[in-house]
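For the sequence shown, the numbering used here gives the first residue as 50, with consecutive numbering after it.
Working notes for the structure below.
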Amino acid sequence: MKKSQDHARQDHPMEAAGAFATYLRIGIIALLILIQLGMMWAITYFLKTNVAFLYIFFDAVALITVISLINRHDSSAYRIAWLVIVLTIPVFGLLLYFAWGRVDFNKKERGAFKASFTLGFSLLPQDAEAAAAFQEQFPSCKTYAGALRENGYPLYGGTDARYFPSGEEYFEQLERDLQAAEKFIFIEYFIVATGVLWDRVHKILLEKIRQGVEVRMLYDDVGCFFKIPDNFDKLLRAEGFKAAVFSPAHRFVSDFYMNYRNHQKIVVIDGQVGYCGGVNLADEYINVNSKLGHWKDTGIRLEGSAVRSLTVIFLQMWDISVRHVGEDFSRYLLERPVPGAAGYFQPYADGPANNPRNPALDLIRQAAGGAREYLWLTSPYLIIDHDLSDDLCLTARSGVDVRIITPAVPDHWYVGVVNRENYRHLLESGVRIFEYTPGFIHAKLMVFDDRCATVGSVNLDYRSLFLHYENGVFLCGAPAVAAVKEDIERTLALSREITLEEVRRRPWYRKLTGAVFSLFAPLM
């Protein structure tokens with residue numbers, strides 16, 4: 050197997066064509082960042098040693114910045130991290146903040162996003178009949194759906210769903226659906242990587258293009274660093290794809306710090322079948338060449354009315370990426386309700402362009418406040434602010450069974466440090482925490498009270514909840530809710546429960562490291 054995989058990598062034409070360009074671009078970006086940092090330091094040193102009154106001026110600007118930070122409606126943890134940097138590193142810290150710390154958009158950028166979102170939401174009419182039936186059938190759940198509806202995402206019936214407890218099962222079914230496509234295929238992932246999985250999917254897509262099927266592919270630039278050739282989009286276009294790259298990193302070096310990335314995962318086929326979840330288009334998601342042990346991830350397949358929202362969410366991000374506001378999207382809205390399908394579904398999206406509104410975070414907080422029996426969550430990252438942590442703690446203290454599953458093997462060592470630093474406060478309030486021991490859990494799930502669940506791309510960390518574009522599906526009263534719960538139960542059986550006593554017994558240096566890293570966790 051290893052020999053055949055190595056052979057496939059060596060012979061891959063796309064990888065050979067663009068590898069040098071990828072490393073060259075990364076080198077240029079790194080050089081620009083170093084130059085930017087060097088200029089910041091030089092300005093700081095010059096002002097401190099030669100122009101005292103300007104140094105005082107910068108102190109005044111720092112004071113204004115501090116006041117502005119304190120009064121912002123962002124996470125308190127994010128504000129504290131930047132307050133420490135601005136106040137402890139004179140001038141240089143201020144320059145760092147203006148380069149990489151602000152989470153607002155300029156007027157032109159915000160206008161472009163608003164135009165694309167307005168266009169998309171105009172194609173998502175609310176279904177008053179479905180909403181009324183939902184409220185009658187699930188009165189205790191109406192606030193969850195109501196908040197998402199208020200953010201522009203309709204509630205649907207007439208949708209069939211299949212939940213996938215592994216990336217292998219997800220992609221097996223996806224490949225079958227791709228082969229059956231007749232009109233169009235939309236693919237959007239944070240990560241696309243050349244390899245075994247891409248070769249399989251790529252072969253199918255090329256055949257569909259030859260048959261006259263329109264294939265659009267959208268991926269995030271930073272998410273794909275070192276995973277595909279630098280000219281991947283051009284290579285795809287030469288093969289007949291419509292390809293777009295979300296927010297190329299070289300466009301604004303100040304945005305290189307991972308802000309505003311497109312973390313969404315969506316596939317739409319003929320407007321009738323849609324996929325979302327935690328998986329990306331890379332080998333580790335089917336447990337080929339995984340360096341972290343067993344890679345646990347999940348996804349969901351929708352068929353029917355709710356696919357309309359997935360189609361529009363994809364097209365909104367496409368429109369932003371190609372900067373072509375005004376395309377006629379209505380011709381892609383071909384969904385048909387599935388007769389007799391049980392349950393209700395609400396695909397939704399989130400991202401910095403609609404802050405301070407935050408439907409993904411609001412849904413988690415609503416579930417924490419509304420769950421009566423249990424609330425179970427899985428996430429590769431547990432880097433949450435004090436507000437969400439307090440919500441979960443209050444839920445546990447109220448007698449609700451709150452459980453969180455995180456990886457025993459983190460994908461980055463410092464993430465593991467911060468994850469475990471956050472355990473103590475939660476454990477002290479009765480939240481139960483488990484670590485997935487077979488390897489790395491990348492699934493982003495929530496299920497509560499045998500009625501409601503979410504499946505999507507949203508991690509329990511600041512970057513997902515405030516700085517990335519994300520998507521997911523809220524489902525209620527559907528058979529897939531039970532499938533999500535059963536999968537989490539199986540995952541719990543493979544996981545080790547963390548006790549408060551072992552967290553308290555950690556060596557002092559680990560506690561100190563965790564405390565320091567947690568201070569800057571929102572910036573990771």
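Virtual Cβ for every residue (Gly too), placed ideally from N, Cα, C.
With 16 other CB atoms within 10 Å as the buried threshold, where does residue i fall?
| i | result |
| --- | --- |
| T347 | buried |
| I547 | buried |
| R159 | exposed |
| V133 | exposed |
| I119 | exposed |
| P388 | exposed |
| W131 | buried |
| R300 | With a pLDDT of 49 at R300, under the threshold of 50, the modelled position of this residue cannot be trusted; read the value that follows with caution. Answer is exposed; the Cβ neighbour count stays below 16. |
| S215 | buried |
| T114 | buried |
| R559 | exposed |
| A420 | buried |
| D270 | buried |
| L441 | buried |
| R128 | buried |
| L426 | buried |
| S358 | buried |
| D55 | Bear in mind that the predicted position of D55 carries a pLDDT of just 42, short of 50, making it unreliable; the figure below should be weighed with that in mind. Under this definition D55 is an exposed residue. |
| Q59 | Residue confidence for Q59 is low, a pLDDT of 44 falling below 50, so the modelled location carries little weight; the figure read from the coordinates is stated next. Q59 should be labelled exposed. |
| E185 | exposed |
| L561 | exposed |
Within a Cβ cutoff of 6 angstroms, which residues of the same chain sit near residue i, ignoring the five residues on either side of it in sequence?
| i | result |
| --- | --- |
| T503 | M495, G521, F523 |
| V361 | G169, L172, L173 |
| S428 | K493, N508, L509 |
| D332 | G244, V245, L246, N338 |
| A180 | L204 |
| F569 | A130 |
| Y381 | G320, T360 |
| S567 | V467, E470 |
Am I right that residue i and residue j are in contact with their C-beta atoms under 8 angstroms? What's the rounded C-beta distance?
| i | j | result |
| --- | --- | --- |
| L246 | F220 | 7 angstroms |
| I236 | R265 | 7 angstroms |
| N468 | P459 | 7 angstroms |
| V250 | E231 | Their Cβ separation, rounded to whole angstroms, is 18 angstroms, which puts V250 and E231 out of contact at 8 angstroms. |
| V464 | Y430 | 6 angstroms |
| P456 | I490 | 5 angstroms |
| E519 | G327 | So it is not a contact: roughly 11 angstroms between Cβ atoms. |
Measure the Cβ-Cβ separation of residue i and residue j and say whether it is below 8 angstroms.
| i | j | result |
| --- | --- | --- |
| I318 | L227 | yes |
| A210 | F394 | yes |
| A292 | D279 | no |
| L549 | L476 | yes |
| N329 | I240 | yes |
| G505 | S354 | no |
| F295 | Y268 | yes |
| G488 | K345 | yes |
| A402 | F162 | yes |
| A416 | L410 | no |
| N308 | M366 | no |
| Y212 | V533 | yes |
| A111 | L144 | no |
| E288 | I253 | no |
| E384 | V356 | yes |
| R473 | V552 | yes |
| A398 | P528 | no |
| Y202 | P386 | no |
| E217 | I138 | no |
Tell me which residues share the same chain as residue i and place their Cβ nearer than 7 angstroms to its Cβ, disregarding the 5 neighbours each side in the sequence.
| i | result |
| --- | --- |
| S544 | I454, F483, E484, Y485, T486 |
| A445 | V451, S478, G479, V480 |
| K500 | In the sequence as displayed, the identity of residue 500 is Arg instead of Lys. Here the set comprises F187, C190, C525, G526, V530. |
| L285 | M266, A292 |
| Q175 | R198, P203 |
Report whether the distance from the Cβ of residue i to the nearest heavy atom of the ligand PLP is below 7 angstroms.
| i | result |
| --- | --- |
| D346 | With respect to the ligand PLP, the structure offers nothing, as it holds no ligand at all. |
Can you give me the Cβ contacts of residue i inside the same chain, cut-off strictly under 8 angstroms, excluding the 5 residues immediately before and after it?
| i | result |
| --- | --- |
| V371 | A293 |
| F290 | L254, I258, V264, R265, M266 |
| N407 | D399, L514, F515 |
| I116 | none |
| F106 | none |
Tell me, please, whether the CB atom of residue i is closer than 8 angstroms to any CB atom in chain B?
| i | result |
| --- | --- |
| L144 | Structure shown: chain B not included; a single protein chain is present. |
Give a yes or no on contact between the segment 504-520 and the segment 193-205, applying the rule of three or more CB pairs nearer than 8 angstroms. Taking 8 angstroms as the limit for Cβ pairs, the verdict is that the segment 193-205 does not touch the segment 504-520.
For the structure I just gave you, are there three or more beta carbon pairs, one from the segment 261-280 and one from the segment 471-486, closer than 8 angstroms? Contact between the segment 261-280 and the segment 471-486 is absent, with fewer than three C-beta pairs closer than 8 angstroms.
With contact counted as at least three CB pairs below 8 angstroms, one residue from each stretch, are the segment 318-335 and the segment 169-180 in contact? As far as the Cβ criterion goes, the segment 318-335 does not touch the segment 169-180, which means the pair count is below three.
Three or more beta-carbon pairs under 8 angstroms between the segment 524-543 and the segment 447-467, yes or no? Yes, since at least three Cβ pairs between the segment 524-543 and the segment 447-467 fall closer than 8 angstroms, the two stretches touch.
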